[in-house]
Structure formats: C-alpha cells, structure tokens
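**Student:** Chains as they are written, first to last, in full-length UniProt numbering: chain A, 1 to 556; chain B, 1 to 364. I am attaching a structure below and will ask some questions about it afterwards.
Structural data, given as structure tokens:
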C-alpha cells in the first residue's frame, strides 16, 4: 500500500540528508509503528507519505514513494487526499471549521462528494468514533482526547486507505490515549485501513503494532521487523521490554499480559528482596498531612508551617462559572517530589498556576516558598517559586541561547554567567549562538529549566515535562530532577506519564474534577490505580516494584 | 433520506436581514422611546433564540461597544461644545483660550441640557444600530453565512473563516505569553508587557498558519476540476469585460455627458461579471454539506425585519416631527403609536424561529 524505494530527503540549507536509504513496504491493512529517538526524521518519513514532503516543506527527495500506486512526485498532497489521511502532532492546527460536524464534512466537500454520500459518511463516522453526542459542539470546547478523535474522524470521512498519524497520544492522559488507540485498532481490524504512526510513548502503542520500522539514528537506514524482533535491538523501548531484557526472556514480551505469564520465576526471585531506591519521602522533614476535610486533626497538628516549601489550604478556583478546583489541600516539603496526575482538564495546570500566582484563588490560601504568590511582585516571586510551562518555548524570548542566559541572569539579579553555567552543567553541548527555536524538544526544556533555576527557587514546578521527549532525554531529565531534589528543592510535576512519576515521585496526588481524590506514597497510589500504574508494577503485582531500574539493582 | 440544513437551524441570512431591518429602522429616527423599543425587541429575541455557542456571547460585547460609543459622543459634546442653541445651562466648564487660527473650535465652556439631550438622541441611534449588528452576530453563526457564498467566491470565504477562528487563538496566545513573562520575573501588566510578547505571538501565529495550510492541502483544499480551455477563456473574458463595463458605466453615470450610455453599460457590465463568476464556479469541484435551506420560517424572520424597516421609514416621511423630536425648547419625547406598533413586528422571530437546543441535552 505504501512503498518507499531508497528514499533520501535533504532539506534546503541542511548539511546532509535528514533520512537516508529508507526502503520498506507497508502492506494493506497493517498497523505499522515508526519508532526511534528524537530527531531521526520520523516526521519527515510521515510527511513523505502524504506528499507534504517535499511539495509543502521544500527540500529534495530522491528515490520514490508510492501510495496506492500513485507516485508522490507527480501527485500533490491535495491529489492524494482521497487515499491518504494525515493527522499532525497538534490537532488544533488541523481544524479548518468551528464545529465537529462541519469539520467531519470539510474534507469531503473539498473532494466534491455528493451531499447524500457526505451525510451518510458523517453519521457513520460519528458512530464509529463515539462522537455522536458532540456533533454540534464547537471544537474549542472539546477536551484533548475528543479533539484527537475529531481530527482522526475528519480525515476518515474521505475513506482514505492509508492513515498517517504523528504522535497521536503524546498529549493525552492514559484513558484518552486508550480511547484513541481503540479507534485505530478498530479501523485496522474492521475496515482494513493501513495505519502508519509515530509515537514516543512506546509503552502505549507497541502492543498494537503489526510491525515496527525503527530509525535507529539520524541518517541511518531503517530496521524493519516484528515488534519483538525490533525491540530486541532498539535504542528506545518501553519498561516492559526493559524488564524482559533484564530477565532474559525470549521472545521479548510486549504487553503486560505476556510479561505476567512469564514473570512467576522472577517474582519468586524478587520476593524476599527489599525495593532499592524506592522514592520515599525525605526523612529530614516529617510531613504531617491531615486528611482533607478533617478540621479537628488539622488544628491538632503541630504548626510546622515554615517547614513546607508549598502549602495549599482549602483552595478553590473558579473559571467563569465553572469550578476548576474545589477545596484542595496540599503540602510539599523541601526535598520532596510530588506528581500531580489525573485526566486532561482535572485541574493540574490550574493548581500549578495557583502556586505560581498566575491564578488567583477564589477561597482558601496558597503559600509558595513562604510568600503569597498572587500578591508578590514577579521580580520577588522568581526567587521563591519557578514554573516550567507546558510549552517551554513560551519562556524564551531572545534569539540566541547566550542572550537568553544573560537576560535570565538580569531578571534573577544573579551573578553574570550563572544561567550559562547551570545550562552547561545540565546538558553540555548547547551552542551559545543557537536559536532557542532550533533546539530539540529536550534541549529547549533544559534551557527553560536552567532559566528558571537561575533564581534558585526552593520550589520548582513542571507542567507536562516529558511531552515530545524520547527515552534518552527523559532519563536525563529524571537524573537532573533527582539531583535537584537531593539538593533540597521541592518539586511538583503535573504529568500523564506514569513511568516518569514512578521513577521520580515520592508522592502521587490524583486529581479528578478539581478535587484531590488520592494522596499518598507513589507505591500505594500508583499501584492501586489500573490506569496510573506503571508497567513494571502491573507485571510484578502484588510486589511493589515500580521501575526496571529498581529490579536491575535488586538483581545485581 | 438526507435532510438538508443542520437540525433546527434557521438560515443565517434570515437573521442578518432581520437585524439589518431593525438597524435601518433605527437610522430613520432619533426618538429615544422608539430606539429603546427597538433595543428591547432585539434583546428579547436574542435572549429567546440564541444558542450556547461561543459566538452567541458576542451580544454582550456589542452592548458594551454601543455604551462606549454613547459615552464618547456625550464626552465630546461636553468638552467641545455643541452648535445646538440652549438656555438651560447645567454647568459651566472653564474655557481654554485658543489662538486665533483655531477660531470656531471651543474647549470647555457652557454645557446646556439641550445640547446634552441632542447628543444623547444622536448617540443612541448609533448605539442601536451597533446592537442590532451584535444581535445578528449572536443569533447566526458567521461562518455558516459564508458557506452560502457562490462557488467561485469559496476561496475568499475560507480565508475569512480561517481568520475568524484565528482571532481567538491569537488572544489566547497573548494571554499565555504575558503569563509566561511573570514566570521570568518581569511585570506581566502594562503596555511594555504587551509589546514584548508581540514578536513571539506573531511567530506562533505564523507557525500555526503554516501547519493549517499543510493540513488543508493534505485534505484536498484547492482541488480543481478539468475545465475545457474554451470555457476558461470565456470566464476570463466575461469577468474582465464585465469589470471594465462596470467601471465605464459608473464613470458615465457620474459625468454629466454620459447620462445616456452610463446605465445600460453598467447593467451589461454587471451581467457579464456575474456570468463570469458563475462559469468560474465550474472549476471548483467542491460540494456543500447540509447547505442551509431558505424555508418558510426564514421568510417570516427576514420579512418581519423588512416590515419594521419599511414602516418606520414610511412614518419618517409622513410624520417627521414625531420621529425626530426637537430639543429646543426642552420637551419630553412622545411615543408615536403606529411606528411603535411597527417596531413590535420585529418580535416575530421570537416565536417564528426554531428554539435553540436544550442545554440539558448537550453533554458539557
């Protein structure tokens, strides 16, 4: 269905080809996963299928790409629109109209289908993707998972034989990701659609793939094979595969179910061993945490207020008429790492916003680093609390890394060179003259982190730090944050990434509809919840192992 | 069987005709009681028939804009004086002496009740017009109206729709980036804060436009049908010739000498241009999904607006005194009975138009 014949792509002004020697074929009705570290040209390969590379992006494509027998050299993207449906990374920039139903019809209108056919296909697609209750809704009011489903639906109505998706689940919470993947599964099984998708979060998708195309390094030719074969050699792999490699299982397990069936001997070996390096609350500061709503216990608790890096009491926030947070209590001690988890729209970002003074509380009190955030002038506040926003790019204004670092020193009134020294310490190899926009996702995140840390805030907040990061960048981030916590920084991170929370967090706080529904040590909260448990915990339950690293250490 | 038009929706053109009708009526009178009646009519219909969509909230914004216009009008009367002669001095402001060359302009001085009242009537007229436009905006989805454009103008329609959806994104970007300035320890309020986020906001908008263009291209935007060369040439000739005809015709109408050939030339030019547009539509392959149908209810709604406009205009000709109450000497305005009854015809859509879907049925 899709055929790459010795394809190389060189963008204008680049030193060498972005991808080289790509040569593979995707048969009809298969779900093929494109995997690899950041920057190996996954998006380029995806773009070449729909003809966007090189017709839209520019550059030179040598070799030949054919889709359903059509050569992309002679067919422009619009002439492939009836066979290829492409959904990009950000569904919001994909939408042309403003309501769900119109969006589903847009592609068919462009293709000139008759109104009766359009009507039938819209209804079918609404049912197929479970969008029927949302048909009249303005797109701006939908949640992340709903938007992703509408984006998929909007290309499905044209009945393409090939569906191309770039990171369809990266921005979604675990439940919404399941929802989207179930839809893809159904398309492949029931309609025979060929699906090619790229995804960093392999733990979510690898079990659905029929085959994997692995781009191991920039410019290296791709490796093609069944998931088990490719995962054995891949530089990127999900935790369940790492566990399988540790235990020496062959073929490698791809799903929690596979792994569990083989894990009985491993569980026996691990039974008596203590869990090493389990992130436990720092012993230095006891954190008496009264149960939410229990006034009596709160009053009787010792007044340890100054010991907290962040203290939230009875916080409620309203956005318009909608309550975003209701009666939230949270304390974070210095040196402690807390993961905020919950659905998209559960109030995680709002809580972080309240801690850094972007959001004013309706009732209740917030103290961060000893100050009331929304009443403290920004210049003063940066020394008490720092937030790395979901889009680290928002923090960066200058046109070179060096200028950005100088501005950060000025803003924080730190000695000149502080930010640059921090950055070099965190991630060597970022040039002074590089434009922040040209950095990779991981580099940009590190730069934003360095900018925030220049003022040395005792409380550090991160909103979805692993979006778009590959496993390598993620493990660097984990090391970094652990070191910061050991220095006494309190860290709060809002994340959908259960594996990250398992590696880092001492405590997990679950939010739902603006309320705290669970708050406790990671081992207890994460393991108890089916959607927020990391893979290793699911495989080795009821034992309390969270990460492959713990298992490796225990076995060593 | 495929049902045309989205469920229970009125043709957006009908709402616009109704609102334009009310607006036209407002321009024919300065009687504050009639204007207030028109405002009440539009407000009632909006509350009775608007949906829960984001564009439905624009009514409040238009009301605020109208109030601002009224306030500006009154402020200028107070500050710069007014040519209306008046005897009831309310307050005397200190007058700024101006040099000789600025004679005829006055700053400060006497403020009379008559002048204020005249400014109020005049401002209210403009405010009512604005609020009527706001009502149309709140009741009809602007992008659905653009869907009713002829095929050859489709590209222009899409450009407008994309621009309309971009504005909210831009506002959200500005807010997010100003918030991010606070995270860097810089003041997030004031003009400086706004200026500094300008460049990143523009960069973001540019990137999003490129992404949207890629998405639209890969979804088949701009596919064209094969059209015979002869048809293509005829289209070009008709459009160009038509435009030339319109220009020449207009010139003829406006000059004294060309009175004889002006009108026919203008007519022929218009006909040719329309023919060109129609032929041009053949190149576009696109079809329309659930195009809005102009039904009986649309006739009723549009007709009620037209009736209000027509009757008030007629009253303005036959009884100008009642519709333009004088302010010198000061007298309370009187509500003319028949024009008032005509204004009430504008309430018809509150019953004739389909009710909005029940919010309880919509999942939130």
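The beta-carbon is built from N, C-alpha and C at its ideal position, and this holds for glycine as well. What you are looking at is a predicted structure, and each value in this text was computed from that prediction instead of being measured.
Using a cut-off of 9 Å between C-beta atoms, extract the partners of residue 4(A) located in chain B.
**Tutor:** Your numbering for residue 4(A) matches position 4 in the first chain. Those within 9 Å of residue 4(A) in chain B number zero; the least Cβ separation is about 18 Å.
**Student:** Listed in chain order, which residues of the stretch 264-287 of chain B have Cβ atoms closer than 7 Å to some Cβ of chain A?
**Tutor:** 285, 286 and 287
**Student:** With three or more beta-carbon pairs closer than 8 Å as the criterion, would you say the stretch 106-121 of chain B touches the stretch 73-89 of chain B?
**Tutor:** Remark: three or more beta-carbon pairs, one from each stretch, lie closer than 8 Å, so the stretch 106-121 of chain B and the stretch 73-89 of chain B are flagged as touching.
**Student:** Would a C-beta distance cut-off of 8 Å place residue 59(A) and residue 440(A) closer than the cut-off?
**Tutor:** Working through the first chain from its first residue, we reach residue 59(A) at position 59. Working through the first chain from its first residue, we reach residue 440(A) at position 440. The answer is no: Cβ separation not under 8 Å.
**Student:** From the DSSP output, in three-state form, read off residue 299(A) for me.
**Tutor:** One-based indexing of the first chain puts residue 299(A) at position 299. Because the pLDDT of residue 299(A) is 42, which lies under 50, any placement of that residue in the model is unreliable, and the question is left without a value.
**Student:** With 9 Å as the C-beta to C-beta threshold (strictly closer), list the residues of the stretch 76-90 of chain A near chain B in chain order.
**Tutor:** 76, 77, 78, 79, 80, 81, 82, 84, 85, 86, 87, 88, 89 and 90
**Student:** Where do the N-terminal and C-terminal ends of the alpha helix (DSSP H) with residue 23(A) fall, by residue?
**Tutor:** Looking up residue 23(A) in the first chain gives position 23. Careful: residue 23(A) lies outside any alpha helix (DSSP H), inside the beta strand (DSSP E) at 19-26.
**Student:** By a C-beta neighbour count over all protein chains shown, 10 Å radius and 16 as the cutoff for buried, is residue 242(A) buried or exposed?
**Tutor:** Numbered from its first residue, the first chain carries residue 242(A) at position 242. So residue 242(A) counts as buried.
**Student:** Can you pull the DSSP bridge partners for residue 4(A)?
**Tutor:** For the purposes of this step, residue 4(A) is identified with residue 4 of the first chain, where counting begins at 1. DSSP, once it has assigned bridges, lists 24(A) and 65(A) as partnering residue 4(A).
**Student:** List the residues of chain A that residue 351(B) touches, going by C-beta distances under 7 Å, in chain order.
**Tutor:** Working through the second chain from its first residue, we reach residue 351(B) at position 351. Per Cβ cutoff of 7 Å: no residues; residue 351(B) is ~23 Å from chain A at best.
**Student:** Measure the Cβ-Cβ separation of residue 70(A) and residue 83(A) and say whether it is below 8 Å.
**Tutor:** As a position in the first chain, residue 70(A) is number 70, starting the count at 1. As a position in the first chain, residue 83(A) is number 83, starting the count at 1. Closer than 8 Å, so yes.
**Student:** Taking the beta strand (DSSP E) that residue 365(A) belongs to, which residues open and close that run?
**Tutor:** Residue numbering aside, residue 365(A) sits at position 365 when the first chain is read from its first letter. Residue 365(A) -> beta strand (DSSP E) spans 363-368.
**Student:** Restricting to Cα atoms, I'd like to know which of 321(A), 247(A), 52(A) and 448(A) is closest to residue 232(A).
**Tutor:** Here residue 232(A) corresponds to residue number 232 of the first chain, with the count starting at 1. Ranking 321(A), 247(A), 52(A) and 448(A) by Cα distance to residue 232(A) puts 247(A) first.
**Student:** If we define contact as Cβ-Cβ less than 8 Å, is residue 238(B) a contact residue for chain A?
**Tutor:** Working through the second chain from its first residue, we reach residue 238(B) at position 238. So no, residue 238(B) is outside the interface.
**Student:** Is it buried or exposed, residue 551(A), if we count other Cβ atoms within 10 angstroms and call 16 or more buried?
**Tutor:** Working through the first chain from its first residue, we reach residue 551(A) at position 551. Per the 10 Å Cβ criterion, buried.
**Student:** Just the C-alpha distance for residue 163(B) and residue 107(A), rounded to the nearest angstrom, thanks.
**Tutor:** The residue given as residue 163(B) occupies position 163 in the second chain. The residue given as residue 107(A) occupies position 107 in the first chain. Answer to the nearest angstrom: the Cα atoms are 19 Å apart.
**Student:** So with CB distances below 9 Å, who are the chain B contacts of residue 438(A)?
**Tutor:** What you label residue 438(A) is simply residue 438 of the first chain in a count that begins at 1. Chain B residues near residue 438(A): none, gap ~13 Å exceeds 9 Å.
**Student:** Going by DSSP, which residues form a beta bridge with residue 312(A)?
**Tutor:** Counting from 1 along the first chain, the entry for residue 312(A) is found at position 312. DSSP output for residue 312(A) lists 330(A) and 366(A) as bridge partner(s).
**Student:** What residues in the stretch 137-165 of chain B have a beta carbon less than 9 Å from any beta carbon of chain A?
**Tutor:** 141, 143, 144, 147, 158, 161, 162, 164 and 165
**Student:** Is residue 124(A) helix, strand or coil when you go by DSSP?
**Tutor:** Numbered from its first residue, the first chain carries residue 124(A) at position 124. Helix at residue 124(A).
**Student:** Taking all protein chains shown into account, decide if residue 103(B) is buried (16 or more other Cβ within 10 angstroms of its Cβ) or exposed.
**Tutor:** Position 103 of the second chain, counted from the start, is the residue given in the question as residue 103(B). Classification of residue 103(B): exposed, given that the 10 Å Cβ count is below 16.
**Student:** Tell me where the alpha helix (DSSP H) around residue 128(B) begins and ends.
**Tutor:** Position 128 of the second chain, counting from 1, holds the residue named residue 128(B). Start and end: 113-139.
**Student:** Check for me: the alpha helix (DSSP H) holding residue 483(A) runs from which residue to which?
**Tutor:** Numbered from 1 along the first chain, position 483 holds the residue referred to as residue 483(A). Residue 483(A) -> alpha helix (DSSP H) spans 471-486.
**Student:** Taking Cβ positions, are residue 480(A) and residue 396(A) nearer each other than 8 Å?
**Tutor:** Indexing the first chain from 1 puts residue 480(A) at position 480. Indexing the first chain from 1 puts residue 396(A) at position 396. No.
**Student:** Taking CB distances under 8 Å as the criterion, tell me whether residue 218(B) reaches chain A.
**Tutor:** Residue 218(B) sits at position 218 when you count from the first residue of the second chain. For residue 218(B), the answer is yes, since a Cβ of chain A falls inside 8 Å of its Cβ.
**Student:** I'd like to know whether the C-beta atoms of residue 200(A) and residue 151(A) end up nearer to each other than 8 Å.
**Tutor:** Indexing the first chain from 1 puts residue 200(A) at position 200. Indexing the first chain from 1 puts residue 151(A) at position 151. Here residue 200(A) is not near residue 151(A), since their CB atoms are 8 Å or more apart.
**Student:** Does residue 417(A) come out as helix, strand or coil in the three-state DSSP assignment?
**Tutor:** One-based indexing of the first chain puts residue 417(A) at position 417. Residue 417(A) falls in the coil class under three-state DSSP.
**Student:** Mind checking the stretch 178-189 of chain B against chain A and listing, in chain order, the residues whose C-beta falls within less than 7 Å of any C-beta there?
**Tutor:** Flagged, chain order: 179, 180, 182, 183, 184, 185, 186, 187 and 188.
**Student:** Any idea what DSSP makes of residue 193(A), helix, strand or coil?
**Tutor:** Translated into positions along the first chain, residue 193(A) becomes position 193. The answer is coil: DSSP assigns residue 193(A) none of H, G, I, E or B.
**Student:** Can you give me the C-alpha to C-alpha distance between residue 30(A) and residue 466(A), rounded to a whole angstrom?
**Tutor:** Within the first chain, residue 30(A) is the residue found at index 30, counting from 1. Within the first chain, residue 466(A) is the residue found at index 466, counting from 1. Those two C-alpha atoms are separated by around 29 Å.
**Student:** Kindly indicate which residue of 357(B), 25(B), 76(B) and 18(B) has the alpha-carbon position closest to the one of residue 349(B).
**Tutor:** As a working note, residue 349(B) is residue 349 in the second chain. Among 357(B), 25(B), 76(B) and 18(B), the Cα nearest to that of residue 349(B) is on 18(B).
**Student:** Any Cβ of chain A within less than 8 Å of the Cβ of residue 290(B)?
**Tutor:** The residue you call residue 290(B) lines up with position 290 of the second chain. With 8 Å as the cut-off, residue 290(B) counts as an interface residue toward chain A.
**Student:** Around the C-beta of residue 301(A), are 16 or more other C-beta atoms found within 10 angstroms, so that it is buried, or is it exposed?
**Tutor:** Sequence index remark: in the first chain, residue 301(A) carries index 301 (1-based). Unreliable placement is indicated for residue 301(A), whose pLDDT of 41 sits below 50; no coordinate value is reported for it.
**Student:** Three-state secondary structure (DSSP) at residue 234(B)?
**Tutor:** The residue you call residue 234(B) lines up with position 234 of the second chain. Three-state result, residue 234(B): helix.
**Student:** At the 8 Å Cβ level, is residue 222(B) part of the contact set with chain A, yes or no?
**Tutor:** Indexing the second chain from 1 puts residue 222(B) at position 222. For residue 222(B), the answer is yes, since a Cβ of chain A falls inside 8 Å of its Cβ.
**Student:** What residues from chain B crowd round residue 109(A), counting only those whose CB sits closer than 7 Å?
**Tutor:** To locate residue 109(A), count along the first chain from 1; it is residue 109. Within chain B, the residues near residue 109(A) are 286, 287, 288 and 289.
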